[in-house]
Amino acid sequence: MAKPICYSTKAFSTTSATTPLGATTIERRTPGATDIQIQIQYCGVCHSDLHFARNEWGFTQYPAVPGHEIVGRVTAVGNGVTKFKVGDTVGVGCLVDSCRTCPDCRAGLEQFCAGMVMTYGSMDRHLSAPTLGGYAQSIVVTEGFVLRIPANLNLAAAAPLLCAGITTYSPLKHWQVGPGQKVGIVGLGGLGHMGVKFAKAFGAHVVLFTTSPGKVADGHRLGAHEVVVSTDAAQMAAQAGSFDFILDAVSATHDLNAYLNLLKRDGNLVLVGAPEKPLPVAAFPLLMRRRSLSGSLIGGLPETQEMLDFCGQHNITSDVEMIRMDQINGAYERMLKSDVKNRVVIDRATLP
Ligand code: NAP
Ligand code: ZN
Ligand code: ZN
Numbered sequence: 001m002a003k004p005i006c007y008s009t010k011a012f013s014t015t016s017a018t019t020p021l022g023a024t025t026i027e028r029r030t031p032g033a034t035d036i037q038i039q040i041q042y043c044g045v046c047h048s049d050l051h052f053a054r055n056e057w058g059f060t061q062y063p064a065v066p067g068h069e070i071v072g073r074v075t076a077v078g079n080g081v082t083k084f085k086v087g088d089t090v091g092v093g094c095l096v097d098s099c100r101t102c103p104d105c106r107a108g109l110e111q112f113c114a115g116m117v118m119t120y121g122s123m124d125r126h127l128s129a130p131t132l133g134g135y136a137q138s139i140v141v142t143e144g145f146v147l148r149i150p151a152n153l154n155l156a157a158a159a160p161l162l163c164a165g166i167t168t169y170s171p172l173k174h175w176q177v178g179p180g181q182k183v184g185i186v187g188l189g190g191l192g193h194m195g196v197k198f199a200k201a202f203g204a205h206v207v208l209f210t211t212s213p214g215k216v217a218d219g220h221r222l223g224a225h226e227v228v229v230s231t232d233a234a235q236m237a238a239q240a241g242s243f244d245f246i247l248d249a250v251s252a253t254h255d256l257n258a259y260l261n262l263l264k265r266d267g268n269l270v271l272v273g274a275p276e277k278p279l280p281v282a283a284f285p286l287l288m289r290r291r292s293l294s295g296s297l298i299g300g301l302p303e304t305q306e307m308l309d310f311c312g313q314h315n316i317t318s319d320v321e322m323i324r325m326d327q328i329n330g331a332y333e334r335m336l337k338s339d340v341k342n343r344v345v346i347d348r349a350t351l352p
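Each residue of the sequence shown is one higher than the one before, starting from 1 at the first, in my numbering.
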């Protein structure tokens, strides 16, 4: 495929695992027939952005532009676009394309497609270069991977739904979390705070686990019925064997066995957190009560739209802290210290 005509757009990138992010200019393709050009207004800051910028998962190519919680307005559409028009308010999450023909794609589970194209860090089929994410002024995405944002939602607070939202909504739905169940959410960060909101909205009894005593009140304010400080052995022991389901949204090394021991017979611990290093699992906590350990990756396009519509109906958004683009490196340092209890969101208008 010949390289399409491109235009320049401002962005924030990093050139190595140890270099702070800084201002740059990148190329985007001019919109093709089925493409949507979006002027980005806000972009959420996911811990995955940090793992990626610092090459903690080992596949980063530089220069790298993170950002996959993108909301903005449509500024141009290709002549074959049917679902969107200029001026629409839209979102883009972690995926910008997939093969569209495999069983996963046909099931609307594009996140499991072997040919999925991530918003950053994948090979861009049009430009034969790594895809570049949402810490930028604009982005061009094929219309099937663009989502509609309900008009009643605050736009900045809706941005984190595109990753933190769907990543917590999808496993809670898949494992049918609901009334009568005791559900744990581990880690009060961007994902964890959305996990508490969705588990509560689905009618479960919600217990937040945090290593940060300073976040206990936040957990209650978000709707958790109980908040457990996980570094307190007595508080953990009091919860043993009592959970139907636990969603683990922790970004760093921690003890999974401590959470497996909190599950009932046939209970399930689901990882959404993606720490850099492997997490040791002992056999006995799994054997003893036929417990399961599972994982879940974001969500497909149909379910992401379903989640956004659910948020529109129930008026659910993320709790956000706005930052300027040039505050991003400090925001990463705060995430590493567990000093974020909601989602940091970049106001794209501050891109220098
Ligand atoms: P975040 O905002 O930084 O929150 C992570 C939370 O984990 C912290 O606030 C802290 O909560 C807890 N934590 C951190 N270090 C810990 C440690 N050493 N021991 C125990 N708890 C610790 O991160 P996020 O954006 O929510 O992302 C969380 C993880 O999910 C990341 O690894 C990210 O890459 C991954 N992720 C996965 C998917 C997916 O599709 N599966 C999608 C998005 C993100 P407390 O202070 O409450 O303890
Ligand atoms: Zn993310
Ligand atoms: Zn596919």
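Every residue gets a Cβ at the ideal spot worked out from N, C-alpha and C, and that includes glycine.
Not one heavy atom of ligand 3 is found less than 7 Å from the C-beta of cysteine 94.
Beta-bridge annotation (DSSP): serine 138 is paired with Gln39.
Relative to the non-hydrogen atoms of ligand 1, the Cβ of leucine 191 comes within a distance shorter than 7 Å of at least one. Within the stretch 53-111, the alpha helix (DSSP H) runs of at least 4 residues that lie entirely inside it are, in chain order, 103-106. Secondary structure within the stretch 166-207: the beta strand (DSSP E) runs of 3 or more consecutive residues, fully enclosed, are 182-186 (chain order). Taking 7 Å as the cut-off, the C-beta of alanine 159 does not count as close to any heavy atom of ligand 1. If you draw a straight line from the Cα of alanine 156 to the Cα of glycine 93, it is about 14 Å long. For leucine 127, the secondary structure class from DSSP, reduced to helix, strand or coil, is coil. The three-state secondary structure of glutamate 226, taken from DSSP, is strand. Under the 10 Å beta carbon count, isoleucine 149 is surrounded by 16 or more other beta carbons and is classified as buried.
At least 8 Å separates the beta-carbon of serine 48 from that of proline 171. Of the other Cβ atoms in all chains shown, 16 or more fall within 10 Å of the Cβ of aspartate 244; this residue is therefore buried. Excluding the 5 residues flanking it on each side, methionine 325 has same chain C-beta neighbours closer than 6 Å at Phe12, Ile346, Thr350 and Leu351, in chain order. Judged by DSSP in its simplified three-state form, isoleucine 26 adopts strand. In this structure, methionine 116 lies near serine 98, with their beta-carbon atoms less than 8 Å apart. A distance filter of 7 Å between CB atoms and the heavy atoms of ligand 3 selects the following residues in sequence order: Ser98, Cys99, Arg100, Thr101, Cys102, Asp104, Cys105, Glu110, Cys113, Ala114, Gly115 and Met116. Taking a 10 Å sphere around the C-beta of leucine 287, we find fewer than 16 other C-beta atoms and assign the residue as exposed. Beta-carbon to beta-carbon, leucine 262 and glycine 219 are separated by about 16 Å, too far to satisfy the 8 Å threshold.
Partner residues in the beta bridge of tyrosine 7, as assigned by DSSP, are Arg28.
Within the stretch 268-308, complete beta strand (DSSP E) segments of at least 3 residues are found at 292-295, given in chain order. Rounded to whole angstroms, the separation of the alpha carbons of glycine 67 and glycine 192 is 19 Å. Non-local beta-carbon contacts of asparagine 55 in its own chain, meaning distances under 6 Å to residues more than five positions away in sequence, involve Ala17 in chain order.
For asparagine 154, the closest of Arg289, Arg265, Thr89 and Ser292 by C-alpha to C-alpha distance is Thr89.
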